[in-house]
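Following: one structure in structure tokens, then a few remarks.
In my numbering, the protein residues as written are 4 to 137.
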């Protein structure tokens, strides 16, 4: 097989199935988010999946979101700020619906200025905590 064809097949997920274990890799996802927090920036869902070697798809995003619940649970257990809040939609730079569900520390709308203020505060906590650490 021509190597360029093999590269094309791999890049387009037409060859052997990708190793999906990266979507469940809590230490790797945590490290990516800690680095982003250290740099004082959020990451889009597409960027996060790309960092793990995937193109954006909703099923992969849902798996990633479930893994990020574990990332945040481990952060809380260590007295660290949550990190999943750094993963946002490109359209409005806010976390998706799944992140908001079940929260007990926020009761407002998931979009708009009140949501933006809440997210900005959580982003700042992560940025301040991880500045110079990752």
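We put the CB at the ideal spot given by N, CA and C, even for glycine.
Legend entry - Residue closest to residue 79, alpha-carbon to alpha-carbon, out of 35, 136, 134, 128: Taking the first residue of the chain shown as position 1, residue 79 is located at position 76. Closest in alpha carbon position to residue 79, among 35, 136, 134, 128, is 128.
Legend entry - Top-ranked residue by Cα proximity to residue 53, from 72, 31, 81: For this step, residue 53 is matched to residue 50 along the chain shown. If you compare the alpha carbons of 72, 31, 81 with that of residue 53, the shortest gap goes to 31.
Legend entry - Chain-order list of residues whose beta-carbon lies under 7 angstroms from that of residue 89 (same chain, five-residue window excluded): Residue 89 sits at position 86 when you count from the first residue of the chain shown. Result list for residue 89: 36, 39, 40, 45, 46, 126, 129, in chain order.
Legend entry - For residue 97 and residue 122, believed in contact at Cβ under 8 angstroms, the rounded distance: Numbered from 1 along the chain shown, position 119 holds the residue referred to as residue 122. Numbered from 1 along the chain shown, position 94 holds the residue referred to as residue 97. Indeed they touch by this definition, with Cβ atoms about 6 angstroms apart.
Inset, instruction - Give me the Cα-Cα distance between residue 70 and residue 131, rounded to the nearest whole angstrom. - result: For the purposes of this step, residue 70 is taken as residue 67 along the chain shown, with counting starting at 1. For the purposes of this step, residue 131 is taken as residue 128 along the chain shown, with counting starting at 1. Taking the straight line from one Cα to the other gives about 24 angstroms.
Inset, instruction - Could you tell me if residue 62 is buried or exposed, where buried requires 16 or more neighbouring beta carbons within 10 angstroms of its beta carbon? - result: Here the question's residue 62 lines up with position 59 in the chain shown. By the neighbour-count rule (16 or more Cβ atoms within 10 Å), residue 62 is not buried but exposed.
Inset, instruction - Work out the CA separation of residue 50 and residue 107 for me, nearest whole Å. - result: Here residue 107 corresponds to residue number 104 of the chain shown, with the count starting at 1. Here residue 50 corresponds to residue number 47 of the chain shown, with the count starting at 1. Whole-angstrom Cα-Cα distance: 28 angstroms.
Legend entry - Candidates 84, 55, 120: closest to residue 26 by CA position: In the chain shown, the residue the question calls residue 26 occupies position 23. For residue 26, the nearest C-alpha among the options comes from 55.
Inset, instruction - Please list the segments of the alpha helix (DSSP H) lying wholly inside the stretch 26-56, counting only runs of 4 or more residues, in order along the chain. - result: Complete alpha helix (DSSP H) runs here, min 4: 29-41, 48-54.
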